[in-house]
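Colleague:
Chains as they are written, first to last, in the UniProt record's numbering: chain A, 1 to 379; chain U, 1 to 379.
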């Protein structure tokens, strides 16, 4: 590129590529820097689009953003399919939330009652209705509910589609890591580097390890169930995401650790819960076990907007468990901010400056002393 | 090779390479045919040398051969280490047999009482003695016994050492599969092709699937236990083999199937039993999950000796769960048979002609009709 780009995006995960696509489609000159596009959290993610089942106590503002992004997903998916010319496994069969034991069901019911109280679409089912919808569920599953608006997409195929759409719109991918923001020369820099945003910005983004398994139906048949199943099983929380081509994604642990090893205990807990909920999964092939690092933040919500004290630098990270669901709203609003310079009111609760006093202190500390071995980083 | 070899060995697993080494060391010209040396059952095997803990009801003659081969292992290992110039993880800490619940212990005790009745070295331990030997065992393990003469070796390194020793002694490895015995030109042909022996000889060798996991201690430390642990846990039978470099081999299923897929149910059962017996294993990394095919026979014993009706063809296959343990006695006695033409009396119970009436009928059938899809083969 001979001229200075309008926008440099650091990070080619779904968020970074979504922003790049939206900016390039509006006529901006865009470059995206990443040593290995799509190799971060999205590579391991299950791809649930769950604004309802992910609505937790005390996270009102996040729930609002999840709901807003879910509402944008159908249009976003249609535009992306058109722009990229490929499918990415967007499926709308809905999600079942189930409890294995009485205790599990009580825990699940407590959460879905909260979600109903917010006016979100989730409906309790009688056990017979549950089994009518998914006969593959174990007879001992005590009960559940359906969230018809909680859908899914295949994150690896989503990244491929977003990359194709961004490149077709004129964005350029530059392989290679960005060590410092001052190394980037563009009118606006967008840091969408997931966990890597911590080192680049000083913001409090920490790695939250997740372990995920991929199973495949015997003989590459279709999985025995069509809904996403989110289950509580003897106190263990798992989800089962049925895909085309016989794949079932089974996840996920949530661990405050920065390594990406697959551990025997996590695999055991995931498989035990999954087989307790859907016994036929025991006959499935185990084709992949992997771990990834989600970019977590102190309040579990993303960090979206201008980086204080750094004119021309925007941040879009900290999406934690919600990166795939939040891709449309993040891409739309950050592109709007780049083009117009004005932040949509939706972004206000997620502005980086809610952390900057602490971030400044941490950045100052980093200049003075070396990190201790105990200090977790996302690298 | 310009001159006709004295011996052609079909199959470069431990048995075939052991025979090749012994023959070459006695001055014979030896070739070994295999498209992928060491890629069969030995690649997945745990390498337990367990004549005592593997002594089962109704297998007197096999038990005698296991014991004979175990007695040869120390000398064989010393000679091989000298000849190959490498180590192969031969360890002599002994084996603990343990039961998790009262029922498990009763099952284990029934077998070790039988083994004691045969005069084999296995000694019950009080729970406190068991924990003194291996503090890593779960507090709920009810009891066990020690078989001090049941040792272990690393099969992958064993194959590498046998190959080096055979080649140093002058044997030649020829890559490529042997489709028919008539394609082999040698004074004596030895079929040591594991499951592949069925198609070459018509003998009743069938694949018995085994699934095995490999774990690694966190930070690549040493495993928390030194003995091989053979455990019964809620009716599941597993073994745990601690290796150098932090590896623990965890196996194995015994399935009458001919595929090599890793299944979710098998991984779940193995991990659950292992973690119940040694809880710290939950923190280990899961580094490999694999399946292999053991060459099984109708009486669970190997097939060793001349192939009836085929002068110049010897067979050494059907080692099932005992290929690594039986490598020394097989290599010694088959090499002796090749050189002298006389079969050691130890071989008599394992002669191929114990199956040949049936084998001839099967071979005739194979000439007339195509195999049905249901017919299992080792290929």
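Beta carbons are placed, not taken as given, at the ideal position from N, Cα and C, and that holds for glycine.
Among the residues of its own chain, which have a CB less than 6 Å from the CB of residue 28(U), if the five just before and after it don't count?
Modeller: Answer for residue 28(U): 6, 7, listed in chain order.
Colleague: Evaluate residue 134(U) with the Cβ neighbour count: other Cβ atoms within 10 Å of its Cβ, from every protein chain shown; 16 or more gives buried, anything less gives exposed.
Modeller: Residue 134(U) is buried by the Cβ-count criterion.
Colleague: Any C-beta of chain A within less than 7 Å: which residues of the region 276-308 of chain U qualify?
Modeller: Going along the region 276-308 of chain U in chain order, one finds 281, 282, 283, 284, 285, 286, 289 with a Cβ nearer than 7 Å to chain A.
Colleague: Return yes when the Cβ of residue 93(U) is within less than 8 Å of the Cβ of residue 226(U), no when it is not.
Modeller: Yes, the pair counts as a contact, with Cβ atoms nearer than the cut-off.
Colleague: Would you mind working out which of 196(A), 355(A), 145(A), 121(A) sits nearest residue 109(A), comparing C-alpha positions?
Modeller: It is 145(A).
Colleague: In chain order, what residues of the same chain lie with their CB nearer than 8 Å to the CB of residue 367(U), ignoring the 5 residues before and after it?
Modeller: With a pLDDT of 39 at residue 367(U), under the threshold of 50, the modelled position of this residue cannot be trusted, and the question is left open.
Colleague: By alpha-carbon positions, which one of 91(A), 50(A), 303(A), 75(A) ends up nearest to residue 154(A)?
Modeller: Ranking 91(A), 50(A), 303(A), 75(A) by Cα distance to residue 154(A) puts 91(A) first.
Colleague: In angstroms with no decimal places, state the Cα-to-Cα distance between residue 262(A) and residue 236(U).
Modeller: Cα-Cα distance, rounded: 24 Å.
Colleague: Check whether the region 199-219 of chain U touches the region 57-76 of chain U, taking contact to mean three or more Cβ pairs, one atom from each stretch, closer than 8 Å.
Modeller: The region 199-219 of chain U vs the region 57-76 of chain U: no contact.
Colleague: Apply the 10 Å Cβ neighbour rule to residue 118(A) and answer buried if 16 or more other Cβ atoms are within range, or exposed otherwise.
Modeller: With fewer than 16 other Cβ atoms within 10 Å, it is exposed.
Colleague: So for residue 56(A), helix, strand or coil by DSSP?
Modeller: Coil at residue 56(A), not helix or strand.
Colleague: According to the Cβ coordinates, are residue 38(U) and residue 159(U) closer than 8 Å?
Modeller: A contact, by the Cβ cut-off of 8 Å.
Colleague: By the DSSP assignment, the alpha helix (DSSP H) with residue 107(U) in it spans what residues?
Modeller: Here the alpha helix (DSSP H) through residue 107(U) covers 102-117.
Colleague: Got a sec, what are the start and stop residues for the alpha helix (DSSP H) residue 14(A) sits in?
Modeller: Residues 14-25.
Colleague: Residues of chain A with CB closer than 7 Å to the CB of residue 231(U), please, in chain order.
Modeller: Here the premise fails: no neighbours, minimum Cβ distance about 15 Å.
Colleague: Enumerated in chain order, which unbroken segments of the beta strand (DSSP E) with a length of 3 residues or greater are wholly contained in the region 264-323 of chain A?
Modeller: Segments of the beta strand (DSSP E) lying fully in the region 264-323 of chain A: 285-296, 303-306, 313-317.
Colleague: Between residue 130(A) and the rest of its own chain, which residues show a CB-CB distance below 6 Å, the 5 nearest in sequence each way excluded?
Modeller: Once the five neighbours on either side are set aside, the close Cβ partners of residue 130(A) are 144.
Colleague: Check whether the region 313-327 of chain U and the region 258-273 of chain U touch, using three or more Cβ-Cβ pairs below 8 Å as the test.
Modeller: No, they do not touch.
Colleague: Tell me whether residue 147(U) sits in a helix, a strand or coil according to DSSP, three-state version.
Modeller: Three-state result, residue 147(U): strand.
Colleague: What residues from the region 247-271 of chain U come within 7 Å of chain A, judged by C-beta to C-beta, listed N to C?
Modeller: Those residues of the region 247-271 of chain U that come within reach of chain A (Cβ to Cβ, closer than 7 Å) are 261, 262, 263, 264, 265, 267, 268, 271.
Colleague: Taking the alpha carbon of residue 75(A) as the point to measure from, which residue in 222(A), 180(A), 332(A), 345(A) has its own alpha carbon closest?
Modeller: Of 222(A), 180(A), 332(A), 345(A), the residue nearest in Cα terms is 332(A).
Colleague: If you draw a straight line from the alpha carbon of residue 363(U) to that of residue 178(U), how long is it in whole angstroms?
Modeller: Residue confidence is low: residue 363(U) scores 48 on pLDDT, short of 50, so the model does not pin down where it sits. No coordinate-derived value is stated.
Colleague: Check distances from the C-beta atoms of the region 4-35 of chain A to those of chain U and list, in chain order, the residues that come in under 9 Å.
Modeller: Answer set for the region 4-35 of chain A: empty.
Colleague: Judging by CA-CA distance, which residue of 102(U), 52(U), 291(U), 115(U) is the nearest neighbour of residue 127(U)?
Modeller: Minimum Cα distance to residue 127(U) is reached at 102(U).
Colleague: Could you give the DSSP three-state label for residue 327(A): helix, strand or coil?
Modeller: Helix.
Colleague: Tell me which residues of the region 214-230 of chain A have at least one Cβ-Cβ distance to chain U shorter than 9 Å, keeping chain order.
Modeller: Result list: 215, 216, 218.
Colleague: Going by DSSP in three states, residue 9(U) sits in which element: helix, strand or coil?
Modeller: Looking at residue 9(U) - three-state DSSP - the assignment turns out to be strand.
Colleague: For residue 69(A), which option in 338(A), 328(A), 59(A) has the closest C-alpha, if you only look at C-alpha atoms?
Modeller: Of the listed residues, the one whose Cα sits closest to residue 69(A) is 328(A).
Colleague: With DSSP as the reference, identify every bridge partner of residue 33(U), one or two as the case may be.
Modeller: BP columns for residue 33(U) point to 10(U), 174(U).
Colleague: In three-state DSSP terms, what is residue 248(U)?
Modeller: Residue 248(U): strand per DSSP, three-state reduction.
Colleague: Who are the near neighbours of residue 344(A) in its chain, counting only those whose CB is closer than 8 Å to its CB and skipping five residues on each side?
Modeller: Closer than 8 Å at the Cβ level, and outside the excluded window around residue 344(A), lie 333, 336, 337.
Colleague: CB residue 249(U) to CB residue 241(U), shorter than 8 Å?
Modeller: Against a cut-off of 8 Å, the Cβ pair of residue 241(U) and residue 249(U) comes out as a contact.
Colleague: Within 10 angstroms of the Cβ of residue 220(A), are there 16 or more other Cβ atoms? Answer buried if so, exposed if not.
Modeller: With fewer than 16 other Cβ atoms within 10 Å, it is exposed.
Colleague: Can you give the Cα-Cα distance for residue 112(U) and residue 175(U), rounded to whole angstroms?
Modeller: Spanning the two alpha carbons is a distance of roughly 44 Å.
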